[in-house]
Structures are given as C-alpha cells and as structure tokens.
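The numbering used here applies: residue 0 is where the sequence shown begins, and numbers increase by one. Data block below; observations after.
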Amino acid sequence: MNRLNDEQLQTLKNRLTEERDELQHHFEINGTTGDMLSADSGGELSAYDNHPADMGTETFERERDHAIDENLEQRLTSVEAALQRIDEGTYGQCELCREPIPYERLEAVPWTSTCVEHAGLTEGAARPTDRYEMTAPIMPDEAGTWDTLDRYGSSDNEVPGQRED
Numbered sequence: 000m001n002r003l004n005d006e007q008l009q010t011l012k013n014r015l016t017e018e019r020d021e022l023q024h025h026f027e028i029n030g031t032t033g034d035m036l037s038a039d040s041g042g043e044l045s046a047y048d049n050h051p052a053d054m055g056t057e058t059f060e061r062e063r064d065h066a067i068d069e070n071l072e073q074r075l076t077s078v079e080a081a082l083q084r085i086d087e088g089t090y091g092q093c094e095l096c097r098e099p100i101p102y103e104r105l106e107a108v109p110w111t112s113t114c115v116e117h118a119g120l121t122e123g124a125a126r127p128t129d130r131y132e133m134t135a136p137i138m139p140d141e142a143g144t145w146d147t148l149d150r151y152g153s154s155d156n157e158v159p160g161q162r163e164d
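Okay, here's the thing in structure tokens:
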C-alpha cells in the first residue's frame with residue numbers, strides 16, 4: 000500500500016525526528032502555554048503604575064505567544080503521530096481515503112496524514128473557530144425612530160401620561 004521506498008521513508012523519518020526534537024527543545028526552553036502566568040509574563044510586580052497602552056501591548060504579546068505555542072503543540076502532536084504511523088507501517092497513506100499520499104506532499108509537510116484532496120477536511124475540523132458570525136444591528140427607518148422617541152416627548156410638548164403638578 001505504501002509507495003515510498005526505504006530511502007524516501009528514512010529521509011522523511013529523519014526530518015520528522017529533527018522537527019520533533021526542535022519542538023521539544025522549544026518547549027523545554029520556553030515552557031508550555033499553560034506555564035505562563037499573566038503577572039509574570041510582563042515582568043512587572045504590579046500593574047498599578049503602567050499606562051493602559053503598555054498593558055494592552057503586553058496582553059497582545061501574551062496572546063500572540065500563546066497562539067504560536069498552541070500551533071507548535073498541535074504540530075508536535077502531528078509529528079509524533081506521523082512517527083507512530085511510520086512504526087506501524089501506515090505512514091504515507093491518507094487516513095480518509097487510504098490512497099497513497101504523493102512523496103512531494105510528504106516532503107512539503109511530512110507530518111500530514113491526508114492527501115491534498117482531503118487536507119481541508121481535517122485541518123478545518125482541528126482548528127478551533129474564534130470568529131463569530133456577526134449580523135448587522137437592526138436599524139429602524141426614520142419614521143420608526145420618530146414613533147419610538149415620540150412617546151418620551153420633546154421640549155415642545157409634554158410627555159404623554161405624565162402630569163406636572
């Protein structure tokens with residue numbers, strides 16, 4: 000089922016092993032995403048005397064670093080899964096259609112588990128969505144606005160249902 004020859008398989012295994020080692024080294028040096036506390040990440044003991052823009056910048060930097068680390072954690076999981084598939088003898092075949100994945104694709108993304116045709120199906124499912132569908136607010140027309148505001152009255156007339164004593 001696997002169309003990779005021994006040399007290609009060994010080349011890809013070496014690349015995956017190097018990638019795994021680099022990612023593990025990154026997490027050994029920087030820690031994981033859950034290790035960073037918000038108070039420690041800015042290097043300040045107190046946020047009392049900081050300008051709000053500085054706090055915004057620090058928050059942005061923390062969120063960016065967190066997103067990068069999450070991406071790297073997902074890649075590390077994919078790399079380890081690819082190495083396991085090599086050991087099991089299933090590396091190089093699409094998990095969805097069981098067809099061989101072209102060597103060129105494996106060279107480009109050695110940790111992939113799907114062929115090009117099915118790549119979008121698994122990538123979108125694994126990625127959490129942080130975008131919400133936004134609908135435009137209901138905008139009343141001018142006549143509707145006047146009708147709504149008329150019940151509160153204006154400086155020219157008294158408010159209906161309210162008496163001055």
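Positions of the beta carbon are idealized from the N, C-alpha and C atoms, including for glycine. The structure displayed is predicted, hence computed values, not measured ones.
- Taken through DSSP and simplified to helix, strand or coil, S153 comes out as strand.
- In the DSSP assignment, H25 falls within the unbroken alpha helix (DSSP H) covering 5–29.
- Beta-carbon to beta-carbon, L105 and T111 are separated by about 7 Å, close enough to satisfy the 8 Å threshold.
- When beta bridges are read from the DSSP output, P99 appears opposite Q92.
- Distance from the CA atom of G91 to the CA atom of E60, rounded to whole angstroms, is 38 Å.
- Counted as a single uninterrupted DSSP element, the alpha helix (DSSP H) harbouring V78 occupies residues 51–87.
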